[in-house]
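Q: Going by this note's numbering, the sequence shown opens with residue 270, and the numbers climb by one from there. Think of the CB as a built atom: it goes at the ideal place given N, C-alpha and C, for glycine as much as any other residue. None of these values were measured; they are calculated from a predicted model.
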Amino acid sequence: MRQCRAAKGALMGVLMGVLTAVATITPPPALSATPGLTASELKAVFLLRLPQFVTWPDGQVAEVFCVAEAPELSRLLAEMLVDDARGRVVRELRPTETMAGCDVVFGTDATQLPAGAAVRPMLRVNDQRGYALGGGMVELQRRGARIGLVVNLPALESVGLKASSKLLQLSDVIGGAADGS
270 MRQCRAAKGA
280 LMGVLMGVLT
290 AVATITPPPA
300 LSATPGLTAS
310 ELKAVFLLRL
320 PQFVTWPDGQ
330 VAEVFCVAEA
340 PELSRLLAEM
350 LVDDARGRVV
360 RELRPTETMA
370 GCDVVFGTDA
380 TQLPAGAAVR
390 PMLRVNDQRG
400 YALGGGMVEL
410 QRRGARIGLV
420 VNLPALESVG
430 LKASSKLLQL
440 SDVIGGAADG
450 S
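(1) Buried or exposed: Gly399, going by 16 or more other Cβ atoms within 10 Å of its Cβ?
(2) In its own chain, which residues sit with a C-beta less than 7 Å from the C-beta of Gly370, not counting the 5 before and 5 after it?
(3) Taking the beta strand (DSSP E) that Leu392 falls in, what are its first and last residues?
(4) Check whether the Cβ atoms of Val336 and Phe375 lie closer than 7 Å to each other.
(5) Decide if Glu310 is buried, meaning its Cβ has at least 16 other Cβ atoms within 10 Å, or exposed.
(6) Is it buried or exposed, Ala299, if we count other Cβ atoms within 10 angstroms and call 16 or more buried?
(7) How is Leu402 classed by DSSP in three states: helix, strand or coil?
(8) Check whether the Cβ atoms of Ala424 and Gly445 lie closer than 7 Å to each other.
(9) Looking at C-alpha atoms only, which residue of Val330, Ala313, Arg318, Val351 is the closest neighbour of Leu256?
(10) Taking C-alpha atoms, which residue in Leu306, Leu319, Lys312 lies nearest to Leu439?
(11) Could you compute how far the alpha carbon of Leu280 sits from the alpha carbon of Asp372?
(12) As a quick exercise: from Lys435, Val442, Leu436, Val428, pick the residue whose alpha carbon is nearest that of Asp327.
(13) For Arg355, which of helix, strand or coil comes out of DSSP?
(14) Answer with buried or exposed for Glu408, where buried requires no fewer than 16 other C-beta atoms within 10 angstroms of its C-beta.
(15) At the level of alpha carbons, what is the spacing between Gly417 and Ala401?
(16) From the DSSP output, in three-state form, read off Ile443 for me.
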């Protein structure tokens with residue numbers, strides 16, 4: 270059992286190191302796909318790292334990661350948190366469930382929010398083409414063998430979230446001074 274945990278911890282360390290290396294070595298706006306990592310593993314790393322580059326109001330931290338329609342991604346996130354959870358949990362969203370209580374949501378949109386419910390700020394991420402242009406917050410965009418980030422600043426700011434300058438430097442930005450919006 271200890272060996273299994275050590276192996277999972279090693280995988281988590283490798284994946285986090287890969288994202289850090291990719292983010293610092295590769296010029297923006299695209300991040301290189303890393304040989305040996307599946308698309309789901311790379312998405313999982315991005316989802317765990319993104320909240321470090323976003324500020325929530327009132328010092329809130331991202332603890333609840335909700336994933337819709339991507340069971341493999343949910344499993345990978347949960348495995349990555351085994352040794353370093355720091356209060357973070359993964360919740361797989363079923364089609365009938367709402368996003369209430371989620372801090373980071375992948376693979377769904379605000380249509381699942383309960384009508385009239387007071388919802389705390391959440392970071393919404395998706396890999397569907399055009400998600401950020403359509404009003405989503407962060408899009409993981411495939412560009413050949415690369416993955417890039419598209420950040421919609423007005424969508425983030427509308428719920429009180431603020432993107433760090435590091436995240437913006439690594440992303441295509443919608444609604445920023447550079448695109449004239």
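A: On the basis of the supplied data:
(1) The residue is exposed, with fewer than 16 neighbouring Cβ atoms inside 10 Å.
(2) So the qualifying residues of the chain are Val333.
(3) The continuous beta strand (DSSP E) containing Leu392 extends over residues 392-395.
(4) The Cβ-Cβ distance between Val336 and Phe375 falls below 7 Å.
(5) Looking at its Cβ environment, which holds 16 or more other Cβ atoms inside 10 Å, Glu310 is buried.
(6) Confidence at Ala299 is low in this model, with a pLDDT of 41, below 50, so the placement of that residue should be treated as unreliable; the coordinate-derived value is given next. Flag for Ala299 reads buried.
(7) Taken through DSSP and simplified to helix, strand or coil, Leu402 comes out as coil.
(8) Their beta carbons are not under 7 Å apart, which means Ala424 does not touch Gly445 by this criterion.
(9) This structure cannot speak to residue 256, because the chain is shown only from 270 to 450.
(10) If we check each option's Cα against that of Leu439, Leu319 comes out closest.
(11) With a pLDDT of only 40 at Leu280, under the threshold of 50, the placement of this residue in the model should not be trusted; the figure read from the coordinates follows. Each residue's CA atom was taken as its position, placing Leu280 and Asp372 some 24 Å apart.
(12) Distances from the alpha-carbon of Asp327 to those of Lys435, Val442, Leu436, Val428 put Val428 closest.
(13) Arg355 falls in the coil class under three-state DSSP.
(14) Label assigned to Glu408: buried.
(15) Approximately 12 Å, taken between the alpha carbons.
(16) DSSP places Ile443 within a strand segment (E or B) once states are collapsed to three.
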